[in-house]
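Accompanying notes for the structure given below.
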Amino acid sequence: MKNWHRLLLTVFFLGQGYAQEKMNYSFSLNQAVDYATKNNYTAINATRDIEMAQKKKWETTTIGLPQISANVGYQNNFKIATSVISFNGVPTALRFGQYNAMDAKLTLSQLIFDGSYLVGLESAKTYLKISQDAKVKTAQEIREITTKAYGDVLLAQESIMIVERNKVILEKTLNDTKQIYKNGFVEEESVERLQITLSEINSSLDYAKRMEVIATNMLKLLMGIEIDQTIQLTDKLDVLASQNIDLAILSQTFDTKNSVDYQINTNLVEANRLLLKLEKSKALPSLGAQVNFGANTFDNSFTMFNANQKWYDYSTLSIGLNIPLFSSLGRQAKTHQAKIAFEQAKTRLAETEQKLKLQYQKAKSDFEYSVAQYGNAKNTLLLSERIENKQSVKFKEGLSTSFEFTEAQRQLYTSQQAYLQSMVEVITKRAALEKLLFKN
(Lines of atoms letter the chains of each structure in order from A and count residues from 1; the text may use other names and numbers.)
(Lines give C-alpha, C1' and ligand atoms only; values in the text may rest on other atoms or scores of the structure.)
Protein backbone atom coordinates (compact mmCIF):
# COMPACT_ATOMS: atom_id res chain seq x y z
CA MET A 1 0.00 0.00 0.00
CA LYS A 2 2.85 2.35 0.84
CA ASN A 3 4.38 1.65 -2.57
CA TRP A 4 1.12 2.70 -4.24
CA HIS A 5 1.11 5.94 -2.26
CA ARG A 6 4.68 6.64 -3.31
CA LEU A 7 3.85 5.94 -6.95
CA LEU A 8 0.84 8.26 -6.89
CA LEU A 9 2.87 11.02 -5.22
CA THR A 10 5.61 10.61 -7.81
CA VAL A 11 3.15 10.86 -10.70
CA PHE A 12 1.50 13.88 -9.07
CA PHE A 13 4.74 15.80 -8.64
CA LEU A 14 5.91 14.89 -12.12
CA GLY A 15 2.64 16.24 -13.45
CA GLN A 16 3.09 19.38 -11.40
CA GLY A 17 6.57 19.82 -12.76
CA TYR A 18 5.31 19.39 -16.31
CA ALA A 19 2.49 21.84 -15.70
CA GLN A 20 4.97 24.40 -14.40
CA GLU A 21 6.90 24.16 -17.66
CA LYS A 22 3.89 25.48 -19.58
CA MET A 23 3.98 29.19 -20.30
CA ASN A 24 1.23 31.69 -20.91
CA TYR A 25 2.06 33.86 -23.91
CA SER A 26 0.42 37.19 -24.64
CA PHE A 27 0.96 39.07 -27.91
CA SER A 28 -0.22 42.08 -29.82
CA LEU A 29 -0.06 41.70 -33.60
CA ASN A 30 3.30 43.46 -33.85
CA GLN A 31 4.71 41.40 -30.98
CA ALA A 32 3.47 38.19 -32.60
CA VAL A 33 5.09 39.10 -35.92
CA ASP A 34 8.42 40.01 -34.27
CA TYR A 35 8.37 36.81 -32.24
CA ALA A 36 7.58 34.71 -35.31
CA THR A 37 10.41 36.20 -37.40
CA LYS A 38 12.86 35.05 -34.72
CA ASN A 39 11.36 31.75 -33.60
CA ASN A 40 9.59 30.33 -36.65
CA TYR A 41 11.14 27.00 -37.60
CA THR A 42 11.82 28.09 -41.17
CA ALA A 43 13.35 31.37 -39.96
CA ILE A 44 15.70 29.49 -37.64
CA ASN A 45 16.89 27.30 -40.51
CA ALA A 46 17.29 30.37 -42.73
CA THR A 47 19.73 31.77 -40.16
CA ARG A 48 21.58 28.47 -40.19
CA ASP A 49 21.73 28.62 -43.99
CA ILE A 50 23.63 31.92 -43.67
CA GLU A 51 26.03 30.34 -41.19
CA MET A 52 26.57 27.45 -43.62
CA ALA A 53 27.20 29.90 -46.47
CA GLN A 54 29.78 31.76 -44.38
CA LYS A 55 31.57 28.50 -43.60
CA LYS A 56 31.36 27.51 -47.27
CA LYS A 57 32.95 30.82 -48.21
CA TRP A 58 35.84 30.18 -45.82
CA GLU A 59 36.16 26.59 -47.05
CA THR A 60 36.59 27.90 -50.59
CA THR A 61 39.12 30.50 -49.43
CA THR A 62 41.30 27.89 -47.72
CA ILE A 63 41.86 26.05 -51.01
CA GLY A 64 44.31 28.79 -52.00
CA LEU A 65 46.03 28.94 -48.60
CA PRO A 66 49.04 26.82 -47.57
CA GLN A 67 48.17 23.21 -46.77
CA ILE A 68 50.33 21.25 -44.31
CA SER A 69 50.13 17.53 -43.73
CA ALA A 70 52.21 14.94 -41.90
CA ASN A 71 52.71 11.31 -42.83
CA VAL A 72 54.37 8.41 -41.03
CA GLY A 73 54.78 5.05 -42.75
CA TYR A 74 56.25 1.71 -41.74
CA GLN A 75 57.18 -1.09 -44.13
CA ASN A 76 58.15 -4.67 -43.27
CA ASN A 77 60.00 -6.42 -46.07
CA PHE A 78 59.57 -9.94 -44.71
CA LYS A 79 60.87 -11.25 -48.02
CA ILE A 80 63.30 -8.92 -49.75
CA ALA A 81 63.13 -8.86 -53.51
CA THR A 82 66.02 -10.50 -55.38
CA SER A 83 67.94 -8.75 -58.13
CA VAL A 84 70.18 -10.56 -60.64
CA ILE A 85 73.41 -8.80 -61.64
CA SER A 86 75.99 -10.09 -64.09
CA PHE A 87 79.63 -10.11 -62.93
CA ASN A 88 82.02 -10.98 -65.78
CA GLY A 89 79.19 -12.72 -67.55
CA VAL A 90 78.19 -14.71 -64.52
CA PRO A 91 74.68 -13.90 -63.24
CA THR A 92 74.63 -13.34 -59.50
CA ALA A 93 71.50 -13.12 -57.33
CA LEU A 94 71.61 -10.32 -54.76
CA ARG A 95 69.17 -8.86 -52.26
CA PHE A 96 69.24 -5.15 -51.50
CA GLY A 97 67.52 -3.50 -48.55
CA GLN A 98 66.60 -4.05 -44.93
CA TYR A 99 63.73 -6.00 -43.45
CA ASN A 100 62.33 -2.94 -41.63
CA ALA A 101 61.88 0.58 -42.96
CA MET A 102 60.14 3.66 -41.56
CA ASP A 103 59.55 7.05 -43.11
CA ALA A 104 58.24 10.29 -41.56
CA LYS A 105 57.65 13.46 -43.55
CA LEU A 106 56.01 16.88 -43.43
CA THR A 107 54.47 18.23 -46.63
CA LEU A 108 53.72 21.87 -47.41
CA SER A 109 51.68 22.47 -50.56
CA GLN A 110 50.61 25.77 -52.08
CA LEU A 111 48.33 26.58 -54.97
CA ILE A 112 50.02 29.27 -57.05
CA PHE A 113 47.48 29.78 -59.81
CA ASP A 114 44.18 28.18 -60.72
CA GLY A 115 41.45 30.03 -62.60
CA SER A 116 38.78 27.83 -61.03
CA TYR A 117 39.88 28.92 -57.56
CA LEU A 118 39.53 32.61 -58.36
CA VAL A 119 36.04 32.05 -59.74
CA GLY A 120 35.21 29.94 -56.69
CA LEU A 121 36.02 32.87 -54.40
CA GLU A 122 33.57 35.09 -56.28
CA SER A 123 30.92 32.36 -56.29
CA ALA A 124 31.20 31.88 -52.52
CA LYS A 125 30.43 35.58 -51.99
CA THR A 126 27.43 35.37 -54.31
CA TYR A 127 26.19 32.24 -52.54
CA LEU A 128 26.36 34.10 -49.23
CA LYS A 129 24.33 36.99 -50.67
CA ILE A 130 21.68 34.57 -51.94
CA SER A 131 21.42 33.00 -48.47
CA GLN A 132 21.10 36.42 -46.84
CA ASP A 133 18.39 37.46 -49.31
CA ALA A 134 16.60 34.15 -48.74
CA LYS A 135 16.47 34.93 -45.01
CA VAL A 136 14.97 38.35 -45.73
CA LYS A 137 12.38 36.76 -48.03
CA THR A 138 11.57 34.17 -45.35
CA ALA A 139 11.08 36.94 -42.78
CA GLN A 140 8.73 38.83 -45.13
CA GLU A 141 6.66 35.73 -45.80
CA ILE A 142 6.47 34.93 -42.08
CA ARG A 143 5.27 38.48 -41.38
CA GLU A 144 2.50 38.13 -43.94
CA ILE A 145 1.25 34.68 -42.94
CA THR A 146 1.54 35.45 -39.21
CA THR A 147 -0.58 38.57 -39.72
CA LYS A 148 -3.19 36.49 -41.52
CA ALA A 149 -3.09 33.76 -38.86
CA TYR A 150 -3.46 36.36 -36.09
CA GLY A 151 -6.48 37.81 -37.90
CA ASP A 152 -8.00 34.35 -38.35
CA VAL A 153 -7.83 33.73 -34.60
CA LEU A 154 -9.48 37.08 -33.88
CA LEU A 155 -12.12 36.30 -36.50
CA ALA A 156 -12.93 32.99 -34.82
CA GLN A 157 -13.06 34.60 -31.37
CA GLU A 158 -15.31 37.43 -32.54
CA SER A 159 -17.54 34.94 -34.35
CA ILE A 160 -17.97 32.94 -31.16
CA MET A 161 -18.95 36.04 -29.18
CA ILE A 162 -21.44 37.22 -31.81
CA VAL A 163 -23.02 33.79 -32.27
CA GLU A 164 -23.31 33.31 -28.51
CA ARG A 165 -24.99 36.71 -28.24
CA ASN A 166 -27.35 35.84 -31.08
CA LYS A 167 -28.11 32.54 -29.39
CA VAL A 168 -29.08 34.22 -26.11
CA ILE A 169 -31.39 36.63 -27.92
CA LEU A 170 -32.92 33.87 -30.05
CA GLU A 171 -33.50 31.58 -27.06
CA LYS A 172 -35.40 34.37 -25.32
CA THR A 173 -37.42 35.04 -28.46
CA LEU A 174 -38.16 31.32 -28.83
CA ASN A 175 -39.33 31.02 -25.22
CA ASP A 176 -41.54 34.08 -25.60
CA THR A 177 -42.97 32.70 -28.86
CA LYS A 178 -43.71 29.35 -27.25
CA GLN A 179 -45.66 31.15 -24.55
CA ILE A 180 -47.56 33.16 -27.15
CA TYR A 181 -48.25 29.93 -29.05
CA LYS A 182 -49.71 28.36 -25.91
CA ASN A 183 -51.99 31.35 -25.64
CA GLY A 184 -53.08 30.78 -29.25
CA PHE A 185 -51.82 34.01 -30.76
CA VAL A 186 -49.29 32.46 -33.21
CA GLU A 187 -49.11 29.32 -35.27
CA GLU A 188 -46.91 26.34 -34.42
CA GLU A 189 -44.94 27.00 -37.59
CA SER A 190 -43.54 30.18 -36.02
CA VAL A 191 -42.10 28.16 -33.14
CA GLU A 192 -40.68 25.57 -35.51
CA ARG A 193 -38.98 28.18 -37.67
CA LEU A 194 -37.27 29.66 -34.62
CA GLN A 195 -36.22 26.18 -33.50
CA ILE A 196 -34.63 25.58 -36.91
CA THR A 197 -32.78 28.89 -36.65
CA LEU A 198 -31.58 27.99 -33.14
CA SER A 199 -30.32 24.64 -34.42
CA GLU A 200 -28.39 26.45 -37.16
CA ILE A 201 -26.90 28.81 -34.59
CA ASN A 202 -25.78 25.91 -32.39
CA SER A 203 -24.11 24.34 -35.40
CA SER A 204 -22.41 27.63 -36.29
CA LEU A 205 -21.23 28.04 -32.71
CA ASP A 206 -19.74 24.55 -32.64
CA TYR A 207 -17.96 25.20 -35.94
CA ALA A 208 -16.62 28.57 -34.75
CA LYS A 209 -15.19 27.00 -31.59
CA ARG A 210 -13.49 24.28 -33.60
CA MET A 211 -12.06 26.86 -35.98
CA GLU A 212 -10.72 28.89 -33.06
CA VAL A 213 -8.72 25.89 -31.83
CA ILE A 214 -7.35 25.16 -35.29
CA ALA A 215 -6.54 28.82 -36.03
CA THR A 216 -4.84 29.27 -32.65
CA ASN A 217 -2.71 26.16 -33.12
CA MET A 218 -1.78 27.31 -36.61
CA LEU A 219 -0.64 30.64 -35.19
CA LYS A 220 1.42 28.85 -32.54
CA LEU A 221 3.06 26.72 -35.22
CA LEU A 222 3.97 29.77 -37.28
CA MET A 223 5.40 31.50 -34.22
CA GLY A 224 7.47 28.50 -33.17
CA ILE A 225 5.43 27.92 -30.00
CA GLU A 226 4.57 24.41 -28.91
CA ILE A 227 0.94 23.45 -29.54
CA ASP A 228 0.24 22.61 -25.89
CA GLN A 229 1.23 26.10 -24.70
CA THR A 230 -1.33 28.81 -23.96
CA ILE A 231 -1.47 31.98 -26.05
CA GLN A 232 -3.57 35.12 -25.68
CA LEU A 233 -4.08 37.88 -28.24
CA THR A 234 -4.28 41.43 -26.90
CA ASP A 235 -5.35 43.28 -30.06
CA LYS A 236 -8.98 43.64 -31.12
CA LEU A 237 -10.14 42.96 -34.65
CA ASP A 238 -12.01 46.24 -35.12
CA VAL A 239 -9.08 48.27 -33.77
CA LEU A 240 -6.62 46.57 -36.11
CA ALA A 241 -8.94 47.10 -39.05
CA SER A 242 -9.24 50.82 -38.26
CA GLN A 243 -5.45 51.14 -37.96
CA ASN A 244 -4.89 49.43 -41.32
CA ILE A 245 -7.39 51.49 -43.31
CA ASP A 246 -4.88 54.33 -43.81
CA LEU A 247 -4.71 54.88 -47.58
CA ALA A 248 -1.43 56.82 -47.48
CA ILE A 249 0.36 53.58 -48.31
CA LEU A 250 -1.13 53.75 -51.81
CA SER A 251 0.95 56.85 -52.61
CA GLN A 252 4.26 55.12 -51.90
CA THR A 253 6.54 54.53 -54.88
CA PHE A 254 7.14 50.92 -55.86
CA ASP A 255 10.57 50.05 -57.24
CA THR A 256 11.07 46.45 -58.36
CA LYS A 257 14.80 46.70 -57.62
CA ASN A 258 14.02 47.07 -53.91
CA SER A 259 12.19 43.74 -53.90
CA VAL A 260 14.01 40.80 -52.36
CA ASP A 261 12.70 38.58 -55.17
CA TYR A 262 14.38 40.84 -57.72
CA GLN A 263 17.62 40.84 -55.74
CA ILE A 264 17.59 37.05 -55.39
CA ASN A 265 17.17 36.64 -59.14
CA THR A 266 19.88 39.25 -59.75
CA ASN A 267 22.25 37.18 -57.64
CA LEU A 268 21.18 34.04 -59.51
CA VAL A 269 22.14 35.77 -62.77
CA GLU A 270 25.52 36.56 -61.23
CA ALA A 271 25.88 32.96 -60.04
CA ASN A 272 25.25 31.67 -63.56
CA ARG A 273 27.68 34.21 -65.00
CA LEU A 274 30.32 32.88 -62.63
CA LEU A 275 29.44 29.33 -63.61
CA LEU A 276 30.11 30.25 -67.24
CA LYS A 277 33.36 31.90 -66.19
CA LEU A 278 34.29 28.75 -64.27
CA GLU A 279 33.82 26.52 -67.30
CA LYS A 280 35.96 28.87 -69.38
CA SER A 281 38.68 28.94 -66.71
CA LYS A 282 39.06 25.17 -66.89
CA ALA A 283 40.94 25.67 -70.18
CA LEU A 284 43.64 27.65 -68.33
CA PRO A 285 46.74 26.00 -66.87
CA SER A 286 47.08 25.51 -63.12
CA LEU A 287 50.30 25.84 -61.14
CA GLY A 288 51.16 24.45 -57.73
CA ALA A 289 54.21 23.83 -55.56
CA GLN A 290 55.06 21.32 -52.85
CA VAL A 291 57.86 21.06 -50.30
CA ASN A 292 58.62 17.86 -48.37
CA PHE A 293 60.77 17.57 -45.25
CA GLY A 294 61.34 14.03 -44.03
CA ALA A 295 63.55 11.38 -42.54
CA ASN A 296 63.75 7.61 -42.94
CA THR A 297 65.49 4.73 -41.23
CA PHE A 298 66.21 1.08 -42.05
CA ASP A 299 67.25 -1.98 -40.08
CA ASN A 300 67.00 -5.74 -40.19
CA SER A 301 65.51 -5.64 -36.67
CA PHE A 302 62.65 -3.46 -35.45
CA THR A 303 64.75 -0.84 -33.66
CA MET A 304 63.09 2.30 -35.03
CA PHE A 305 62.31 3.77 -31.62
CA ASN A 306 65.73 3.17 -30.08
CA ALA A 307 67.56 6.30 -29.01
CA ASN A 308 70.64 5.45 -31.05
CA GLN A 309 68.71 4.57 -34.21
CA LYS A 310 70.15 6.33 -37.25
CA TRP A 311 67.72 8.51 -39.24
CA TYR A 312 68.50 9.97 -42.67
CA ASP A 313 67.09 13.41 -43.47
CA TYR A 314 65.83 14.44 -46.89
CA SER A 315 63.88 17.32 -48.44
CA THR A 316 62.33 17.96 -51.84
CA LEU A 317 60.84 20.86 -53.74
CA SER A 318 58.45 20.20 -56.60
CA ILE A 319 56.51 22.48 -58.91
CA GLY A 320 53.69 21.17 -61.06
CA LEU A 321 52.11 22.81 -64.10
CA ASN A 322 48.97 21.26 -65.52
CA ILE A 323 48.03 22.35 -69.04
CA PRO A 324 44.67 21.17 -70.46
CA LEU A 325 45.22 20.47 -74.15
CA PHE A 326 42.32 18.48 -75.59
CA SER A 327 39.10 17.19 -74.04
CA SER A 328 37.35 15.87 -77.15
CA LEU A 329 35.16 19.03 -77.11
CA GLY A 330 33.85 18.12 -73.63
CA ARG A 331 34.86 21.49 -72.17
CA GLN A 332 33.22 23.34 -75.04
CA ALA A 333 29.97 21.45 -74.44
CA LYS A 334 29.99 22.33 -70.73
CA THR A 335 30.79 25.95 -71.52
CA HIS A 336 27.89 26.12 -73.97
CA GLN A 337 25.53 24.63 -71.36
CA ALA A 338 26.68 27.24 -68.83
CA LYS A 339 26.10 30.00 -71.39
CA ILE A 340 22.53 28.78 -71.98
CA ALA A 341 21.90 28.65 -68.21
CA PHE A 342 23.22 32.22 -67.95
CA GLU A 343 20.81 33.44 -70.64
CA GLN A 344 17.95 31.58 -68.94
CA ALA A 345 18.76 33.32 -65.64
CA LYS A 346 18.63 36.73 -67.34
CA THR A 347 15.26 35.84 -68.86
CA ARG A 348 13.92 34.79 -65.44
CA LEU A 349 15.10 38.11 -64.02
CA ALA A 350 13.17 40.01 -66.70
CA GLU A 351 10.13 37.83 -66.00
CA THR A 352 10.45 38.45 -62.25
CA GLU A 353 10.47 42.21 -62.82
CA GLN A 354 7.23 42.05 -64.81
CA LYS A 355 5.62 39.70 -62.29
CA LEU A 356 6.51 42.07 -59.45
CA LYS A 357 4.86 44.97 -61.27
CA LEU A 358 1.73 42.89 -61.76
CA GLN A 359 1.77 41.69 -58.15
CA TYR A 360 2.00 45.29 -56.95
CA GLN A 361 -0.94 46.35 -59.11
CA LYS A 362 -2.99 43.44 -57.81
CA ALA A 363 -1.98 43.98 -54.17
CA LYS A 364 -2.81 47.68 -54.44
CA SER A 365 -6.17 46.93 -56.06
CA ASP A 366 -6.96 44.22 -53.51
CA PHE A 367 -6.24 46.58 -50.62
CA GLU A 368 -8.38 49.37 -52.09
CA TYR A 369 -11.19 46.89 -52.69
CA SER A 370 -10.93 45.47 -49.15
CA VAL A 371 -11.25 48.97 -47.68
CA ALA A 372 -14.30 49.65 -49.86
CA GLN A 373 -15.83 46.30 -48.92
CA TYR A 374 -15.19 47.03 -45.25
CA GLY A 375 -17.21 50.24 -45.55
CA ASN A 376 -19.99 48.46 -47.44
CA ALA A 377 -20.09 45.59 -44.94
CA LYS A 378 -20.30 48.05 -42.06
CA ASN A 379 -23.22 49.90 -43.63
CA THR A 380 -24.93 46.62 -44.56
CA LEU A 381 -24.60 45.43 -40.97
CA LEU A 382 -26.21 48.61 -39.65
CA LEU A 383 -29.11 48.21 -42.09
CA SER A 384 -29.49 44.51 -41.24
CA GLU A 385 -29.61 45.33 -37.53
CA ARG A 386 -32.31 47.94 -38.12
CA ILE A 387 -34.35 45.55 -40.28
CA GLU A 388 -34.01 42.73 -37.75
CA ASN A 389 -35.05 45.03 -34.88
CA LYS A 390 -38.11 46.21 -36.81
CA GLN A 391 -39.09 42.66 -37.76
CA SER A 392 -38.61 41.54 -34.17
CA VAL A 393 -41.01 44.21 -32.91
CA LYS A 394 -43.52 43.46 -35.69
CA PHE A 395 -43.31 39.72 -35.02
CA LYS A 396 -43.94 40.14 -31.32
CA GLU A 397 -46.87 42.41 -32.08
CA GLY A 398 -48.24 39.97 -34.67
CA LEU A 399 -47.70 42.34 -37.57
CA SER A 400 -45.26 40.10 -39.52
CA THR A 401 -44.88 36.40 -40.17
CA SER A 402 -42.27 34.10 -38.68
CA PHE A 403 -40.85 33.65 -42.19
CA GLU A 404 -40.15 37.38 -42.52
CA PHE A 405 -38.63 37.49 -39.05
CA THR A 406 -36.33 34.47 -39.52
CA GLU A 407 -35.23 35.78 -42.92
CA ALA A 408 -34.29 39.09 -41.27
CA GLN A 409 -32.34 37.14 -38.65
CA ARG A 410 -30.45 35.14 -41.25
CA GLN A 411 -29.67 38.31 -43.15
CA LEU A 412 -28.30 39.81 -39.94
CA TYR A 413 -26.15 36.77 -39.20
CA THR A 414 -24.76 36.82 -42.74
CA SER A 415 -24.01 40.55 -42.46
CA GLN A 416 -22.24 40.02 -39.14
CA GLN A 417 -19.92 37.39 -40.62
CA ALA A 418 -19.34 39.48 -43.74
CA TYR A 419 -18.36 42.44 -41.56
CA LEU A 420 -15.91 40.35 -39.53
CA GLN A 421 -14.41 38.87 -42.70
CA SER A 422 -14.07 42.33 -44.25
CA MET A 423 -11.97 43.48 -41.28
CA VAL A 424 -9.66 40.49 -41.66
CA GLU A 425 -9.39 41.20 -45.40
CA VAL A 426 -8.28 44.78 -44.73
CA ILE A 427 -5.54 43.54 -42.39
CA THR A 428 -4.27 40.74 -44.65
CA LYS A 429 -4.43 42.72 -47.91
CA ARG A 430 -2.46 45.55 -46.36
CA ALA A 431 0.12 43.04 -45.11
CA ALA A 432 0.47 41.70 -48.67
CA LEU A 433 0.96 45.23 -50.01
CA GLU A 434 3.51 46.09 -47.31
CA LYS A 435 5.45 42.94 -48.20
CA LEU A 436 5.94 44.22 -51.76
CA LEU A 437 6.82 47.75 -50.63
CA PHE A 438 9.36 46.50 -48.09
CA LYS A 439 12.81 47.86 -48.92
CA ASN A 440 15.59 45.33 -48.45
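Using my numbering, you'd call the opening residue of the sequence shown number 1 and step up by one each time. Beta carbons are placed, not taken as given, at the ideal position from N, Cα and C, and that holds for glycine. In this text, all values refer to a predicted model and were calculated from it rather than measured experimentally.
Check	Outcome
Checking the sheet assignment: what are the DSSP bridge partners for L172?	As written in the sequence, residue 172 is Lys, which differs from the Leu given in the question. BP columns for K172 are empty, so no partner.
Assuming T234 is part of the alpha helix (DSSP H), what are its boundary residues?	Neither: T234 is in no alpha helix (DSSP H) and is coded neither H nor E.
Could you please give the first and the last residue of the uninterrupted alpha helix (DSSP H) stretch that includes V186?	Counting along the chain, V186 falls outside any alpha helix (DSSP H), and DSSP gives it neither H nor E.
Provide the residue(s) that pair with L111 in DSSP beta bridges, ordered along the chain.	G288
With a 10 Å radius around its C-beta and 16 neighbouring C-beta atoms as the bar for buried, classify A156 as buried or exposed.	buried
Output needed for L433: all residues of its chain with C-beta closer than 7 Å, excluding positions within five of it in sequence on either side, in chain order.	I249, A363, K364 and F367
If you draw a straight line from the C-alpha of N379 to the C-alpha of I201, how long is it?	23 Å
According to DSSP, simplified to helix, strand and coil, what is Q98?	coil
Can you name the start and end residues of the alpha helix (DSSP H) that A333 belongs to?	G330 to K396
Going by the beta-carbon positions, is the gap between F342 and V424 smaller than 9 Å?	no
Determine contact between the stretch 123-142 and the stretch 202-210, defined as no fewer than three beta-carbon pairs at a distance below 8 Å.	no
What's the call for K38, buried or exposed, on a 16-neighbour Cβ count within 10 Å?	exposed
Checking 9 Å against the spacing of the C-beta atoms, do L240 and L381 come in under that value?	no
Hey, how far is the Cα of V33 from the Cα of N272?	35 Å
Apart from the five residues on each side of it in sequence, which residues of its chain come closer than 6 Å, Cβ to Cβ, to I130?	N267
May I ask you to report which of helix, strand or coil DSSP gives A134?	helix
Here's a check: name, in chain order, each residue in its chain whose Cβ is nearer than 8 Å to the Cβ of E189, leaving out the five neighbours to either side.	S402
Please name the residue, chosen from S400, N322, K334 and R331, that lies closest to D114 on a Cα-to-Cα basis.	N322
Mind pulling the beta strand (DSSP E) runs of 3 or more residues that sit fully within the stretch 200-262?	230-233
If we count the other Cβ atoms within 10 Å of its Cβ and call it buried at 16 or more, is L412 buried or exposed?	buried
Please report the distance separating the alpha-carbon of E122 from that of K236.	50 Å
Tell me which residue opens and which closes the beta strand (DSSP E) that I68 is part of.	Q67 to N76
L9 to I227, Cα distance in whole Å?	With a pLDDT of 45 at L9, under the threshold of 50, the predicted position of this residue should be treated as unreliable, and no value is reported.
Consider the C-beta atom of A307 and the heavy atoms of the ligand FMN; say whether any pair is separated by less than 8 Å.	In the structure on display, the ligand FMN does not appear, and there are no ligands present to speak of.
At what residue ranges does the stretch 25-52 contain a whole run of the alpha helix (DSSP H), taking only runs of 4 or more?	29-39
Return the first residue and the last residue of the beta strand (DSSP E) that S415 is part of.	Not the beta strand (DSSP E): S415 falls in the alpha helix (DSSP H), residues S402 to L437.
For my contact list, T234 and F27 are in at a C-beta cut-off of 8 Å; report their separation, rounded to the angstrom.	7 Å
What would DSSP say about S83, mapped onto helix, strand or coil?	strand
Between which residues of its own chain and T352 is the CB-CB distance below 7 Å, once the five residues before and five after are set aside?	D261, Y262 and N265
Excluding five sequence neighbours on each side, which residues of the same chain lie with their C-beta closer than 7 Å to the C-beta of S286?	F113, D114 and N322
Quick one: grab the DSSP three-state call for S327.	coil
Any idea what DSSP makes of A104, helix, strand or coil?	strand
Skipping 5 residues on each side, what residues in its chain have a beta carbon closer than 6 Å to that of L276?	A338, K339 and F342
Suppose contacts are defined by Cβ-Cβ distances below 9 Å. Is G73 in contact with M102 by that definition?	yes
Could you give the DSSP three-state label for G294: helix, strand or coil?	strand
Shortest alpha-carbon distance to V308 belongs to which of S315, D299 and A124?	As written in the sequence, residue 308 is Asn, which differs from the Val given in the question. Of the listed residues, the one whose Cα sits closest to N308 is D299.
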